[in-house]
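Undergrad:
Residue numbers (the UniProt record's numbering): 1 to 167.
#1: With distances taken from CA atoms, which of 40, 23, 148 is nearest residue 112?
#2: Can you tell me whether residue 35 is helix, strand or coil according to DSSP?
#3: Determine whether the beta carbon atoms of residue 52 and residue 154 lie at a separation below 9 Å.
#4: What's the C-alpha gap between residue 133 and residue 8?
#5: Find out if the Cβ-Cβ distance for the pair residue 48, residue 70 is shorter than 9 Å.
#6: Return the CA-CA distance between residue 79 and residue 93, expressed in angstroms with no decimal places.
#7: For the alpha helix (DSSP H) containing residue 16, name the first residue and the last one.
#8: DSSP three-state call for residue 9: helix, strand or coil?
#9: Classify residue 159: buried if its beta carbon has 16 or more other beta carbons within 10 angstroms, exposed otherwise.
#10: Take residue 114 and list the residues in its own chain whose beta-carbon comes closer than 6 Å to its own, dropping the five residues that flank it on each side.
#11: If distances are taken between C-alpha atoms only, which option among 145, 116, 107 comes closest to residue 162?
#12: Tell me, please, which residues DSSP counts as bridged to residue 71.
#13: What residue range is occupied by the uninterrupted alpha helix (DSSP H) comprising residue 162?
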């Protein structure tokens, strides 16, 4: 039986379908058809910052400003995450100052653009909601109506990438 660490928590019926696709070597072609392997334009930290600022301006105008956005090559290995929303607080005089930043795993430089958008939306939603609760996912779906499908497809993409690395 194929281990599917990126799909933990999904129903057995779905996992069975994924295992069948893997056994028949159809997962990769299915993903390539749905998300053609073309490189998106958002390759630099500066371009990523502009992209996320545009999403923020479109959907979350009143959210606190971002002090930085960057790709991070260590995030996947060290944090076992795909993106991070960080808040830094410091005392300045008699006031507490807070800055927020977003780091996104560098694997999204090569991933299809819809997956980059999904993770950007996910990390932006953390500006308002720290926990992965109902309100958090409602905000994600407001910013990206196909959020849940993209999240599943991203997990399938990561599964396929993992299989290709171990083959």
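C-beta: ideal position from N, C-alpha, C; glycine also. The structure presented is a predicted model; accordingly, all values stated were derived computationally and were not measured.
TA: Here's the rundown:
#1: Along the chain shown, one-based indexing puts residue 112 at 112. Closest by alpha carbon: 40.
#2: As a working note, residue 35 is residue 35 in the chain shown. Coil, per DSSP.
#3: Within the chain shown, the letter at position 52 stands for residue 52. Within the chain shown, the letter at position 154 stands for residue 154. Not in contact: residue 52 and residue 154 (Cβ atoms no closer than 9 Å).
#4: Reading the chain shown from its first residue, position 133 is the one you call residue 133. Reading the chain shown from its first residue, position 8 is the one you call residue 8. Taking the straight line from one Cα to the other gives about 18 Å.
#5: Taking the chain shown and counting its residues from 1, the one referred to as residue 48 is at position 48. Taking the chain shown and counting its residues from 1, the one referred to as residue 70 is at position 70. Yes, Cβ-Cβ distance for residue 48 and residue 70 is below 9 Å.
#6: Within the chain shown, the letter at position 79 stands for residue 79. Within the chain shown, the letter at position 93 stands for residue 93. Bear in mind that a pLDDT of 49 at residue 79, under 50, signals an unreliable position, so the model cannot answer this.
#7: Looking up residue 16 in the chain shown gives position 16. For residue 16, the uninterrupted alpha helix (DSSP H) segment begins and ends at 12 to 23.
#8: The count along the chain shown starts at 1 and reaches residue 9 at position 9. Looking at residue 9 - three-state DSSP - the assignment turns out to be coil, as it is neither helix nor strand.
#9: Your numbering for residue 159 matches position 159 in the chain shown. Looking at its Cβ environment, which holds 16 or more other Cβ atoms inside 10 Å, residue 159 is buried.
#10: Within the chain shown, residue 114 is the residue found at index 114, counting from 1. Counting only Cβ-Cβ distances below 6 Å, and skipping sequence neighbours, we find 150.
#11: Residue mapping note: residue 162 aligns to position 162 of the chain shown, counting from 1. Checking every option, the nearest Cα to that of residue 162 belongs to 107.
#12: The sequence position of residue 71 within the chain shown is 71, counting from 1. 104.
#13: Within the chain shown, the letter at position 162 stands for residue 162. That run of the alpha helix (DSSP H) goes 147 to 166.
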